[in-house]
Every structure is written in C-alpha cells, then in structure tokens.
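One structure is given below, encoded as structure tokens.
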C-alpha cells in the first residue's frame, strides 16, 4: 500500500505535524535503552475435590515449563506462581488449569481463601503440600505458597492483531514489539503495563527473547492471562508486515533526537511501539524497520531508564493521546 512519508526519517517533511522537526532535540536525550480475553473452558474434571493431604501426589500433568527461552516451542506459561498470578489464571478461564498447589501451612489462611473458593467452583484439583516440596518445584524466587500447573498460554493470531476488525469499538491497533528482552522480570512488568494502557497485542521474537516463565507471569500480576501475544520468527520481517498494512512503527531508544512527547496525532493511528534489549537497545535491522525513533527526555544526570519503566511511560503517553483523539 502507499504510505505517507514516515515521521523521523531523513528526507521527511521537517514540519510534518506527526512529530515535530527531524532536527529538534529534547533538552536532554534519554529514555531507556529499553530491551526493550480468550475462552477456553475450565477444567472439566467433575467431582474433583480439594485434598487436604500434605504431600499428595500430583495428577498426570505435563512437565512444567522450566523457563528456558531457548527450549520453549510456544509462549510457555505452564507453571504459574504467586497468589495474584494464580488468582487471575483462575478468573480468566482462558486455559485449562490442571491443579493448584498450596503450602500446607496456609490451609485455612484468609489470604488464599478466594483461590480455594474459585478453584472449587471451577472444579480444579487443589492439593495442600509441604512447603519444602512446593519451593523445590517453584521456578520464581517467591511463589508465596501458591503454585499452579496449567495448559500453555494460547498464541494470538498475527492477522487478527494487525487488523482493525476485532478490536474493541473498531479502535486502531495499538501493538508492542519486544526486541531481545531476556530479563523475565522486565518482560512481566512490560506486559502488566500493556494491559493497563490498553495495548491490543504484543509481538515476541521466537528466539533470543524470554517467553512466559513463572517469573514473567508473577511479575505481570496475572496480565499474561489477558494480553494477546504472538511469537514471530523474525522481528524485522514482522515489522515490515506491519508497515505494509499501514501500521506506524515507532522505536524507543535513548539515542533518538525526537522526543516521545512530539509524536502528537501519530499515536491515534495504528501504531506499534518497539522496545529494545537491555543495554544494547534496538538491533540494527529492527531500527531500520522503524518509521521513527523517539526517546524519553531526561532532566537529571542519569541518561536512561529501566526498560520496563520506559515502557510504562511510553505506553501511557500513547494511551493518553489516543483517548484525547477523536479517532480513538
């Protein structure tokens, strides 16, 4: 399709209303070198009763996801840890939950009472196990005495994510692409911000990027259950497809001359925000696929922000501009 000259590239109109002049610089360059609800039926095991036996043997569940991004074939998420993450897993009813483990010392504790109640209503087997056993099974630092085994998170359809059809009230796609983020805590926090800011989909590279590990699910506070995600074989190629479909690709990097606060009406268009890897920022090929590169102005002595913090600032700024726009 014919695309208008993208903002921020050499040769574009310096007075383009979509983002200010190419040569304008924020007072101080900044912005992190950033690394940047479905419908599966609940567990149908009728009559399954929660067990109060400490150390009860788990049922025939699949092996938990170890969190190795290199070995993962899909999004992951088969093991969920932490009270909030497990609570949202049950509430979302997006995928089958095989069983839930709760530390025996928490039996009757009001802090997990709602998890026990929802699990019973969904007929999900619940086991009270020895604390030591649960912690041996856990893959995150603080499982909070709660752990669940579930089916893998289903991938969204790439075509659906990049199409205006299917999005709420016909809103333009608001996507996030993650370029080589390997820290699970950062990815989880990014996904949490995506949910809060109204992002309609997340693109994750199939290789050289962390997927949904127990730490990611916990750091997202359960947002992995609601934010549509898709794995792409190559991010540069995927970004080209977005451009071909009329979606503006905006990279976030602290080396940019343009400020985030200059993107203006571009935010209300179909847009994809690209977050670069921790420390390295955007890769060369990904940068070349961006229509514009922006940074977060930094007023202090530190030149960059953590990628998840930078993501939150950027996504909420885009969200604010979209809400103020007549188009959104």
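Numbering (the numbering used here), first residue to last: 47 to 374.
Just so it is clear, CB atoms sit at the ideal spot from N, CA and C, and this is done for glycine as well.
#1: Given that a residue counts as buried once 16 or more other Cβ atoms are within 10 Å of its Cβ, and exposed if not, what is residue 266?
#2: Only counting the same chain, and skipping five residues up and downstream in sequence, which positions put a Cβ closer than 7 Å to that of residue 270?
#3: What does DSSP give as the partner residues of residue 344 in its beta bridges?
#4: Which residue comes first and which comes last in the beta strand (DSSP E) that contains residue 318?
#5: Using 10 angstroms around the beta-carbon of residue 317, count the other beta-carbons present and answer buried if the total reaches 16, otherwise exposed.
#6: Helix or strand or just coil, what does DSSP make of residue 218?
#7: For residue 358, which three-state DSSP category applies?
#8: At what residue ranges does the segment 203-280 contain a whole run of the beta strand (DSSP E), taking only runs of 3 or more?
#9: Quick check: what's the CA-CA separation for residue 129 versus residue 208?
#10: Classify residue 369: buried if its beta carbon has 16 or more other beta carbons within 10 angstroms, exposed otherwise.
#11: Taking all protein chains shown into account, decide if residue 159 is buried (16 or more other Cβ within 10 angstroms of its Cβ) or exposed.
#12: To the nearest angstrom, how far is the alpha carbon of residue 127 from that of residue 134?
#13: When the Cα atoms are used, what is the spatial distance from residue 79 to residue 173?
#14: Please go through the same chain and pick out, in chain order, the residues whose beta-carbon is closer than 7 Å to the beta-carbon of residue 273, but skip the five residues on each side of it.
#15: Candidates 167, 307, 252: which alpha carbon is nearest residue 201's?
#16: What whole-angstrom Cβ distance do residue 276 and residue 296 have, given they're in contact under 8 Å?
#17: Tell me, to the nearest whole angstrom, how far the beta carbon of residue 196 is from that of residue 119; I am working on the premise that it is less than 8 Å.
#18: Quick check: what's the CA-CA separation for residue 182 versus residue 256?
#19: Helix, strand or coil: how does DSSP classify residue 190 here?
#20: Pop quiz: residue 282 and residue 366 are said to be a contact at Cβ under 8 Å. What is the actual Cβ separation, rounded to whole angstroms?
#21: Given this structure, state the Cα-to-Cα distance separating residue 344 from residue 168, to the nearest angstrom.
#22: Residue 137: which of 353, 163, 154, 151 sits nearest, CA to CA?
#23: Nearest to residue 300 by alpha carbon, out of 140, 349, 323, 324?
#24: By DSSP's criteria, residue 339 is part of a beta bridge. Which residues make up the other side?
#25: Which one of 303, 145, 218 has the shortest CA to CA distance from residue 166?
#26: Which residues does DSSP pair with residue 195 in a beta bridge?
#27: Pop quiz: residue 219 and residue 339 are said to be a contact at Cβ under 8 Å. What is the actual Cβ separation, rounded to whole angstroms?
#28: How many angstroms separate the CA atom of residue 359 from the CA atom of residue 352?
#29: How is residue 289 classed by DSSP in three states: helix, strand or coil?
#30: Helix, strand or coil: how does DSSP classify residue 170 here?
#31: Taking the straight line between their C-alpha atoms, what separation do you get for residue 177 and residue 324?
#32: Assuming residue 284 and residue 364 make a contact with CB atoms under 8 Å, what is their CB distance in whole Å?
#33: Given a threshold of 16 other Cβ atoms within 10 Å of its Cβ, counted over all protein chains shown, does residue 260 qualify as buried or as exposed?
#34: Could you tell me which residues DSSP pairs with residue 304 in its beta bridges?
Quick look at the numbers:
#1: Taking the chain shown and counting its residues from 1, the one referred to as residue 266 is at position 220. Under the 10 Å beta carbon count, residue 266 is surrounded by 16 or more other beta carbons and is classified as buried.
#2: Sequence index remark: in the chain shown, residue 270 carries index 224 (1-based). The residues are 123, 199, 237, 258, 262, 263.
#3: Position 298 of the chain shown, counted from the first residue, corresponds to residue 344. Listed as beta-bridge partners of residue 344 by DSSP are no residues whatsoever.
#4: Along the chain shown, read from residue 1 onward, the residue named residue 318 stands at position 272. Start and end: 317-321.
#5: As a first step, residue 317 must be located in the chain shown, where it is residue number 271. Burial call: buried.
#6: The residue you call residue 218 lines up with position 172 of the chain shown. Three-state result, residue 218: coil.
#7: Here residue 358 refers to the residue found at position 312 when the chain shown is read from its first residue. Looking at residue 358 - three-state DSSP - the assignment turns out to be helix.
#8: Within the segment 203-280, the complete beta strand (DSSP E) segments of 3 residues or longer fall at 220-224, 247-251, 275-278, listed in chain order.
#9: Position 83 of the chain shown holds residue 129. Position 162 of the chain shown holds residue 208. If I take the Cα positions, the gap works out to 33 Å.
#10: Taking the chain shown and counting its residues from 1, one reaches residue 369 at position 323. By the neighbour-count rule (16 or more Cβ atoms within 10 Å), residue 369 is not buried but exposed.
#11: One-based indexing of the chain shown puts residue 159 at position 113. Result: exposed.
#12: Position 81 of the chain shown, counted from the first residue, corresponds to residue 127. Position 88 of the chain shown, counted from the first residue, corresponds to residue 134. The alpha-carbon atoms of residue 127 and residue 134 are separated by roughly 11 Å.
#13: On the chain shown, position 33 is the one that residue 79 refers to. On the chain shown, position 127 is the one that residue 173 refers to. Model confidence at residue 79 stands at a pLDDT of 43, short of 50, so the residue's coordinates are unreliable; what they give is reported in the following sentence. Cα atoms of residue 79 and residue 173: separation of roughly 43 Å, rounded to the nearest angstrom.
#14: The residue given as residue 273 occupies position 227 in the chain shown. Cβ contact annotation for residue 273 (same chain, cutoff 7 Å, sequence separation greater than five): 237, 240, 241, 245, 248, in chain order.
#15: Position 155 of the chain shown, counted from the start, is the residue given in the question as residue 201. Closest option to residue 201, judged by alpha-carbon separation, among 167, 307, 252: 252.
#16: In the chain shown, counting from the first residue as 1, residue 276 sits at position 230. In the chain shown, counting from the first residue as 1, residue 296 sits at position 250. Taking 8 Å as the upper bound for CB-CB distance, residue 276 and residue 296 are not in contact here, some 19 Å apart.
#17: Your numbering for residue 196 matches position 150 in the chain shown. Your numbering for residue 119 matches position 73 in the chain shown. Contact flag wrong, Cβ pair sits at about 16 Å.
#18: As a position in the chain shown, residue 182 is number 136, starting the count at 1. As a position in the chain shown, residue 256 is number 210, starting the count at 1. Approximately 22 Å, taken between the alpha carbons.
#19: Counting from one through the chain shown, the residue named residue 190 turns up at place 144. If DSSP states are grouped into helix, strand and coil, residue 190 belongs with coil.
#20: Numbered from its first residue, the chain shown carries residue 282 at position 236. Numbered from its first residue, the chain shown carries residue 366 at position 320. At roughly 29 Å, the Cβ-Cβ gap does not stay under 8 Å, so residue 282 and residue 366 are not in contact.
#21: Walking along the chain shown from the start, residue 344 turns up at place 298. Walking along the chain shown from the start, residue 168 turns up at place 122. Their backbone Cα atoms lie some 48 Å apart in a straight line.
#22: Start at 1 with the first residue of the chain shown, and residue 137 comes out as number 91. Of the candidates 353, 163, 154, 151, the one whose C-alpha sits nearest the C-alpha of residue 137 is 163.
#23: As a first step, residue 300 is located in the chain shown; it is residue number 254 there, counting from the start. Ranking the options by Cα distance to residue 300, first place goes to 349.
#24: Reading the chain shown from its first residue, position 293 is the one you call residue 339. Residue 339 is bridged to 297.
#25: The count along the chain shown starts at 1 and reaches residue 166 at position 120. Answer by Cα proximity: 145.
#26: The residue you call residue 195 lines up with position 149 of the chain shown. Answer is 125, 145.
#27: The residue labelled residue 219 in the question sits at position 173 within the chain shown. The residue labelled residue 339 in the question sits at position 293 within the chain shown. 20 Å between Cβ atoms; not a contact.
#28: What you label residue 359 is simply residue 313 of the chain shown in a count that begins at 1. What you label residue 352 is simply residue 306 of the chain shown in a count that begins at 1. If you take the alpha carbons of residue 359 and residue 352, they lie about 11 Å apart.
#29: For the purposes of this step, residue 289 is taken as residue 243 along the chain shown, with counting starting at 1. Correct three-state label for residue 289: helix.
#30: Against the chain shown, residue 170 aligns to sequence position 124. Residue 170: coil per DSSP, three-state reduction.
#31: Walking along the chain shown from the start, residue 177 turns up at place 131. Walking along the chain shown from the start, residue 324 turns up at place 278. The alpha-carbon atoms of residue 177 and residue 324 are separated by roughly 35 Å.
#32: Taking the first residue of the chain shown as 1, we reach residue 284 at position 238. Taking the first residue of the chain shown as 1, we reach residue 364 at position 318. In fact, because the Cβ distance is near 19 Å, the residues do not count as touching under 8 Å.
#33: Residue numbering aside, residue 260 sits at position 214 when the chain shown is read from its first letter. The residue is buried, with at least 16 neighbouring Cβ atoms inside 10 Å.
#34: For the purposes of this step, residue 304 is taken as the residue at position 258 of the chain shown. Partner(s): 340.
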